[in-house]
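Accompanying notes for the structure given below.
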Amino acid sequence: MGNYILLRHRDIPEINKLDVYQKNAGFKAFKKVVTSMKPAEVTDVVKASGLRGRGGAGFPTGVKWSFMDKDNWPHYVVANADESEPGTFKDREIMESNPFQFIEGVAIASFAVGANAAYIYCRGEFWQVAHFLDQKIAEAEAAGLLGENLFGTDYSLKIYTHLGAGAYICGEETALLESVEGKRGQPRLRPPFPPSYGLYGKPTVVNNVETLTNVPLIITEGADWYKALGTADTAGVKIFSLSGRVKYPGNYELPFGTTFRQLIYKHGGGIIDDRPIKAIMAAGASSSVIPATDAALDTPMDYGSVRTLKADLGSASVIVIDDTVSMDWVVNKTIHFFKHESCGKCTPCRDGNYWMQHIIERIHSGEGTAEDVELLNSVAKQIQNKCLCALGEFSIQAVMTSIERFPQDFQRSNV
Amino acid sequence: MTKQVTLTIDGQTVTVPEGTLIVDAAKKIGIDIPVFCYHPKMEPVGMCRMCLVDIGRPVFDRTTREPVLEKDGNPKIQFGPKLETACTMPVSEGMVVVGMSEKVQTARNDIVELLLTSHPLDCPVCDKGGECPLQNLTLAYGPGESRFIFDEKQHAAKNLPLGDLIFLDRERCIQCARCIRFQDEIAGDAVLEFYNRGRRTDIITNSEPGFDSYWSGNTTDICPVGALTSADFRFGARPWELKAAASLCTHCAVGCNLTYNTRREAKSGGEVVIKRAMPRQNEQVNELWICDKGRFAYHFAESDDRLTQPLIRKNGELVPASWEEALTLAAEKLAGAKSGLLTLVSGRLPNEDLFNLRVLTEGLGGKTGLYTHMAGGDLVAQFGLGEGSNLAALGKGDAIVVVASDLEEEAPLWWLRIKQAAERGAALIVANPRETKLDRYATHRVRYAYGEETNVVARIGDPGYKEADRGSWIGDLVYKASNLVVFFGSEGLGLDGSTALAAACAKLLVDTNHTSTTLSASTGKANNGLVGVWPRVNEQGAWDMGFRPVSDLHADVLYIVAADPVGDGAAVNAKFTIVQELFLTETAKQADVVLPAQAQVEREGTFTSGERRVQRFYPVTSPKGESWADFKIAAQIGAKVGVELKGRFPSLVFPLLAQEVAGYEGLSYQKLAEVSEQWPIVGREDLYYGGTGYKNEQGLGMQLAPQGGEAPQCTEAPKMPGANLVAVPVTSLYDRGTMITPSKVLHPRLPEPFIALNPADAEKEMAAEGMTVKVGVNGTSVALVVKFDRYVPAGFALIPRSMGMDLDGPVGIKIQIAENVAA
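If you're matching them up, the sequences are chains A and B in order. Per this note's numbering, the very first residue in the first sequence carries number 11; after that it's consecutive. Per this note's numbering, the very first residue in the second sequence carries number 17; after that it's consecutive.
Below, the structure written as structure tokens:
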């Protein structure tokens with residue numbers, strides 16, 4: 011085994027070619043599950059591995075699979091490749107460079123939940139990726155690794171790619187499903203959750219690209235092997251998308267439990283111009299902003315530990331902020347993003363972000379007053395806990411935590 | 017029986033069926049949880065977030081599954097971390113819902129404030145002002161003062177026509193999607209949708225022409241702000257100036273309950289003027305909805321072309337006369353005619369008038385006749401729907417047969433309610449020679465050639481018949497259905513064809529044991545029976561009052577009431593003709609005496625719907641000129657010829673009618689005015705819940721029991737004419753009849769008189785789409801515009817009724833194209 015579990019192309023050149031992938035045990039896991047395992051056994055292995063969803067919520071993957079309604083058929087698997095969170099760029103690297111491992115993960119998940127059709131939902135801007143995946147799926151089909159009666163069994167699987175039209179909201183799983191169905195991408199009410207009412211109203215598993223890419227090696231190497239990686243809270247490895255004011259931004263595949271300090275200073279080479287670090291956003295634009303104290307920098311990155319910092323690890327898109335950046339600038343950026351991406355379905359997100367943008371623009375341009383900062387915080391509170399979907403709730407994380415944790419950055423007013 | 021669930025809402029305990037939403041459970045006990053996007057007739061979406069409540073649920077011990085108790089012995093209640101939407105959350109046992117807490121009230125304030133920041137706050141000039149859910153909830157919640165900078169508010173287009181009938185004010189819209197969802201879920205015309213996203217989200221129409229739906233007006237009722245207004249009412253009046261009068265729609269046989277809003281206007285000389293028609297809730301008839309024809313085509317009564325005084329022919333010309341003069345002349349002629357008298361009426365007349373006219377005619381020894389192209393009212397009286405029927409009760413296990421009808425065009429509300437029954441799982445068999453909109457919801461579609469309708473119905477009920485090539489016979493389904501309702505229309509049919517079809521349909525119900533000839537338990541079983549899709553509102557009432565169709569319009573003296581056979585091209589021949597009408601129709605122009613009648617909105621009376629529901633309507637406006645109600649005119653003539661009739665009030669006629677007419681015994685105006693609680697609960701005080709439709713306080717009407725009796729006598733269907741191109745009459749909702757053309761607001765939607773051809777046939781005839789051609793029938797010819805319709809079967813042409821050329825059945829035609837016309 012090389013250095014990488016997910017970004018194996020960094021170990022093995024040309025693993026995006028089917029023959030190379032197969033030479034490196036590619037599709038063995040899928041063949042193994044189809045020919046020698048029961049679907050429930052596959053789910054049990056994934057459950058035992060401790061694999062949690064990499065899209066941000068960290069929900070145990072095997073548990074999600076086991077929720078599939080067995081009295082309602084057909085079942086579907088949908089891979090969420092909508093990767094739209096600012097600062098997140100891990101799924102793209104997987105799909106572009108290690109596509110077969112991802113496709114094999116989709117296939118194993120499909121077998122585990124009894125799906126004969128799986129969809130890979132790519133954000134609209136990923137049209138080249140989708141085209142590339144189409145080729146790879148076709149190659150796998152030609153090689154008899156996907157399609158009808160696989161490995162001489164009666165199990166058949168078709169995998170399709172589906173392109174969105176470039177909307178952040180379609181990363182929300184129910185909006186994604188609406189979009190696959192050809193409807194306007196807006197979130198549905200939950201419950202019911204996709205494992206009972208998903209694509210076309212049928213039980214559906216929606217998993218992130220990175221999550222699924224873990225699965226083939228969990229099958230071949232075993233649940234215990236995987237569980238031994240990472241921490242007690244969060245098993246396995248994670249691709250941390252590191253960006254912001256660091257010397258070497260990029261994707262870093264590291265075990266859960268790696269500290270912020272290790273990621274930023276050891277792997278990321280430290281801050282540009284060796285300036286002091288100020289804050290960390292661990293979950294892209296949806297982050298609660300973490301003041302970069304020594305204690306915070308030494309916090310291991312797993313879902314539980316990051317929560318002790320009153321923040322979330324989310325999709326682990328770590329944006330580093332140094333002392334050259336004022337937090338009102340950051341908040342101005344995130345609000346613009348959320349105002350632009352709000353789907354408009356529910357009132358608080360639709361109207362709240364509109365007004366937050368106006369207020370933060372005032373503050374950021376130096377024309378705001380202390381009352382404006384209060385108003386901004388108040389509108390954020392007005393949105394809080396009232397939105398239809400989680401993405402609406404994310405829109406205020408950076409706003410409220412920045413005002414709370416960096417109040418001085420909002421006192422640049424002329425008044 | 018559905019499981020009952022008990023919960024507490026703001027300290028009040030309520031028990032409701034499992035699956036009930038919190039917002040509805042609260043409504044039951046008089047607690048108004050504020051909503052914008054929720055509507056009790058539509059799937060909840062939880063978008064507006066106005067209905068947030070705090071929900072606590074009993075805590076259960078994980079191992080014992082017993083409820084955990086507090087020290088005081090009450091169940092321990094765990095509240096969620098967030099507020100939840102009452103409109104999406106079903107009730108559960110022991111749930112505690114809190115709406116009156118500060119937390120919840122603050123949340124509602126927050127939502128109202130956000131909605132108002134993007135709202136123009138132009139209530140003083142807004143049509144909705146005074147009956148606006150947003151306005152009402154702003155008074156109840158919200159900060160009252162803005163915290164934002166006005167110049168930063170978003171501006172958007174105003175007065176934007178979505179179509180000819182509905183206008184959109186984008187600034188007022190709060191993106192609740194009620195209109196979009198109504199069009200999609202209820203009307204089946206998904207012609208509205210959201211465009212763009214976030215704060216820029218807009219309502220757009222994706223149809224050509226814009227907002228192309230017969231249901232568009234309903235969106236103005238359920239719009240919780242003034243974003244959608246109708247071309248008819250906008251800028252017309254303020255809601256608080258309006259009086260409400262209960263009425264019935266007169267445009268088809270459904271009998272939708274209406275409320276007319278009126279006010280006195282200086283520009284109308286201080287007269288009472290109808291400002292708008294609104295649906296009045298009757299869950300057994302029209303629920304909360306009406307079609308656009310019912311909503312917008314009421315203007316005929318106020319038309320300046322109405323007859324306002326009697327006319328008599330002097331020296332070959334019709335000249336004004338006094339009532340005394342005209343009545344004396346009419347009475348003299350009527351009395352002299354004896355058996356040479358034919359009193360011809362239409363189903364436009366209320367029951368009381370029909371009753372008086374029949375008694376008068378019989379008293380004079382004359383004959384009566386019903387002017388119609390459709391037969392079978394006697395069979396509907398025998399085998400009609402059982403008492404207590406409600407189309408909303410049909411669902412899984414039930415079957416509905418619709419034959420020879422394009423139902424959305426002929427009786428829109430029945431179309432809507434049958435669609436819903438099919439969506440609930442009822443088997444829907446649609447038999448028609450061409451595809452109609454109802455086909456979308458059909459479980460079984462039966463295509464036949466025009467002229468084959470009777471055979472097709474006979475085959476459904478004939479166990480000996482199996483469709484060999486398909487191996488399935490839909491008759492099984494009809495036999496096994498728990499309930500069977502058969503709707504028969506008059507698509508492509510004249511009187512003879514209709515007679516044959518009605519009998520076949522009645523026979524199907526009898527043969528399949530869904531009704532019977534003997535009055536027994538099964539006769540009149542609720543939700544079973546025959547329904548006539550009549551061309552006029554009270555055609556069933558006319559049959560019940562004893563009128564039967566006539567096609568021979570020759571008599572010594574013709575007394576024609578509310579019918580225009582000459583205008584329809586029928587041959588009329590009499591020595592003396594008396595016409596009683598609203599307008600100077602073609603028939604009236606040829607008459608010797610013309611008597612001005614009152615419109616339905618000017619008096620009271622009753623109609624009997626196709627479902628044989630007798631319903632009352634009330635006076636709305638004052639009579640035009642010197643016009644009298646038809647029952648009164650009949651009584652006045654009666655007084656002159658010695659036939660005693662009640663002429664002062666319909667309420668005096670009705671008891672006599674109820675005594676004499678089979679099936680009507682026991683009915684009274686009091687009974688017809690009774691109401692019971694209906695669900696959903698709508699009313700003026702809580703209009704954010706159900707919209708601005710009216711609560712029914714004036715009567716739900718009463719359904720008549722079917723009479724049973726002789727088995728239906730099947731007759732031969734008439735032979736189809738042998739011609740290359742056979743024209744058949746069809747019914748179009750928007751026609752060019754005298755009841756619709758005075759409503760100018762509908763003019764952009766009224767088609768030119770047209771003939772619909774299959775493109776292949778049109779090519780044979782060298783007719784291009786949109787071309788005006790001369791269509792010749794029996795020596796006369798009419799100019800019609802060619803419309804291509806791929807659903808028209810080859811060899812046939814459709815000619816809509818009341819659009820310039822009325823066919824009395826299938827007929828061979830010749831088409832002359834433009835050059836020849838010019839030559």
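For glycine and all other residues, C-beta sits at the position ideal for the given N, C-alpha and C.
Coil, strand or helix - residue i by DSSP
i	result
Val207 (chain B)	coil
Gly548 (chain B)	strand
Glu287 (chain B)	strand
Tyr131 (chain A)	strand
Ile113 (chain A)	helix
Arg197 (chain B)	helix
Thr230 (chain A)	helix
Arg20 (chain A)	helix
Leu823 (chain B)	coil
Lys259 (chain B)	strand
Arg280 (chain B)	strand
Closest by C-alpha distance to residue i, when choosing among the options
i	options	result
Ala772 (chain B)	B:Arg216, B:Pro745 and B:Val39	B:Pro745
Leu668 (chain B)	B:Val657, B:Phe647, B:Gly679 and B:Ala678	B:Phe647
Ile220 (chain B)	B:Met755, B:Pro240, B:Leu244 and B:Val691	B:Leu244
Ser76 (chain A)	A:Gly402, A:Ile345, A:Lys57 and A:Gln138	A:Lys57
Glu768 (chain B)	B:Gly786, B:Ser759, B:Phe166 and B:Asn774	B:Gly786
Gln297 (chain B)	B:Gln714, B:Pro159 and B:Gly332	B:Gln714
Leu16 (chain A)	A:Thr318, A:Val55, A:Glu182 and A:Thr223	A:Thr223
Tyr427 (chain A)	A:Met291, A:Gly246 and A:Leu273	Because chain A in this structure spans residues 11 to 425, residue 427 (chain A) falls outside the shown range and cannot be described.
Trp305 (chain B)	B:Asn175, B:Thr275 and B:Gly332	B:Thr275
Ile113 (chain A)	A:Glu231, A:Arg200 and A:Ile147	A:Ile147
Ser117 (chain B)	B:Asp26, B:Pro50 and B:Val39	B:Asp26
Own chain residues within Cβ distance below 7 Å of residue i, not counting five before or after
i	result
Ala537 (chain B)	Note that Ala537 (chain B) has pLDDT 49, beneath the 50 cutoff, so the model's placement of it is unreliable and no number is given.
Ala465 (chain B)	Pro449 and Pro809
Ala651 (chain B)	Asn372, Leu661, Lys662 and Gly663
Spatial neighbours of residue i in its chain, beta-carbon cut-off 6 Å, leaving aside the 5 residues before and after
i	result
His19 (chain A)	Ile25, Ser107 and Asn108
Lys412 (chain B)	Gly441
Arg255 (chain A)	Ile281, Ile282, Val330 and Asp332
Met111 (chain B)	Leu23 and Arg73
Lys456 (chain A)	Past the edges of chain A, shown from 11 to 425, lies residue 456 (chain A), and the structure says nothing about it.
Thr747 (chain B)	Glu425, Glu426 and Arg817
His172 (chain A)	Tyr129, Tyr131 and Val190
Residues near residue i by beta carbon distance below 8 Å, same chain, minus five either side
i	result
Arg629 (chain B)	Gly271, Gln300, Val301, Gly717, Met718, Gln719 and Leu720
Gly174 (chain A)	Asp92, Tyr131, Cys132, Arg133, Gly134, Cys180, Leu186, Ser189 and Gly195
Worksheet item: At a Cβ cut of 7 Å, what residues of the region 82–114 of chain B count as close to chain A, listed as they run along the chain?
Response: Lys98, Leu99 and Thr104
Worksheet item: Can you give, in chain order, each stretch of the beta strand (DSSP E) that sits fully within the region 596–673 of chain B and has at least 3 residues?
Response: 609–612, 621–624 and 629–633
Practice prompt. Determine which residues of the region 203–214 of chain B have a Cβ less than 9 Å from any Cβ of chain A, and write them out in chain order.
Written response: Flagged, chain order: Glu209, Phe210, Asn212, Arg213 and Gly214.
Worksheet item: Of all the residues that make up the region 386–411 of chain A, which are near chain B by a beta-carbon distance shorter than 7 Å?
Response: Gln392, Asn395, Lys396 and Leu398
Worksheet item: What are the uninterrupted segments assigned as alpha helix (DSSP H) that are 4 or more residues long and contained completely in the region 330–376 of chain B, given in chain order?
Response: 339–353
Worksheet item: Enumerated in chain order, which unbroken segments of the alpha helix (DSSP H) with a length of 4 residues or greater are wholly contained in the region 383–415 of chain B?
Response: Runs of alpha helix (DSSP H) with 4 or more residues, each lying fully within the region 383–415 of chain B, are found at 393–399, listed in chain order.
Fill in: Secondary structure, beta strand (DSSP E): runs of 3+ residues fully inside the region 86–153 of chain B
The qualifying runs are 93–95 and 112–114.
Discussion item. At a CB distance below 7 Å, what residues from the region 257–269 of chain A approach chain B? Give them in sequence order.
Written reply: The region 257–269 of chain A vs chain B, Cβ under 7 Å: nothing.
Item to complete: Could you tell me which uninterrupted alpha helix (DSSP H) segments, each at least 4 residues in length, are contained entirely in the region 675–763 of chain B, listed from first to last along the chain?
Response: You should have 685–688 and 703–706.
Worksheet item: Which parts of the region 30–110 of chain A are runs of the beta strand (DSSP E), unbroken and 3 residues or longer, counting only runs that do not cross its ends?
Response: Taking 3 residues as the shortest admissible run, the region 30–110 of chain A contains the following complete beta strand (DSSP E) segments, listed from N- to C-terminal end: 85–91.
Worksheet item: Of all the residues that make up the region 130–146 of chain B, which are near chain A by a beta-carbon distance shorter than 8 Å?
Response: Leu130, Leu131, Thr133 and Ser134
Worksheet item: Taking Cβ-Cβ distances below 8 Å as the criterion, which residues of the region 344–355 of chain A are in contact with chain B?
Response: Lys349, His350, Glu351, Ser352, Cys353, Gly354 and Lys355
Fill in: Minimum length 4: unbroken alpha helix (DSSP H) runs contained in the region 256–336 of chain A
304–307 and 313–317
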